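Report on the structure given below.
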Amino acid sequence: MKDPILEDLHATRERLLAESGGNLEGLIARLQKEESESGRKRWVPKPTLSEAACIFAPHPTDNPVQVRQ
1 MKDPILEDLH
11 ATRERLLAES
21 GGNLEGLIAR
31 LQKEESESGR
41 KRWVPKPTLS
51 EAACIFAPHP
61 TDNPVQVRQ
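Structure, rendered in structure tokens:
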């Protein structure tokens with residue numbers, strides 16, 4: 001059984017990709033250009049506590065543990 005909403009979604013995705021050179025890089029570039037030319041203010045969410053903790057936490061490779069052989 002085919003889902004008409006899903007069929008329409010796939011067709012729209014194919015059309016957008018075709019209009020943008022057939023690849024994701026072209027689509028992303030097109031959407032970013034349209035966004036910057038729209039004049040609309042971009043909403044950027046504030047980081048959550050867990051995201052902030054990830055930003056300030058040391059990376060595991062910053063202080064590697066010495067392994068004995």
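Here the sequence shown stands for residues 1 to 69, where the numbers follow the working numbering. The C-beta atom is built at its ideal place from N, Cα and C for all residues, glycine as well. Computed from a prediction, not measured in an experiment: that's the story for all the values here.
Does residue i come out as helix, strand or coil in the three-state DSSP assignment?
{"i": "P47", "result": "coil"}
{"i": "R30", "result": "helix"}
For the alpha helix (DSSP H) holding residue i, just list the boundary residues, first then last.
{"i": "D8", "result": "4-19"}
How many angstroms separate the CA atom of residue i from the CA atom of residue j?
{"i": "G26", "j": "K46", "result": "29 Å"}
{"i": "V44", "j": "S38", "result": "16 Å"}
{"i": "L49", "j": "Q32", "result": "28 Å"}
{"i": "I5", "j": "E14", "result": "14 Å"}
{"i": "H10", "j": "E35", "result": "23 Å"}
{"i": "M1", "j": "T12", "result": "20 Å"}
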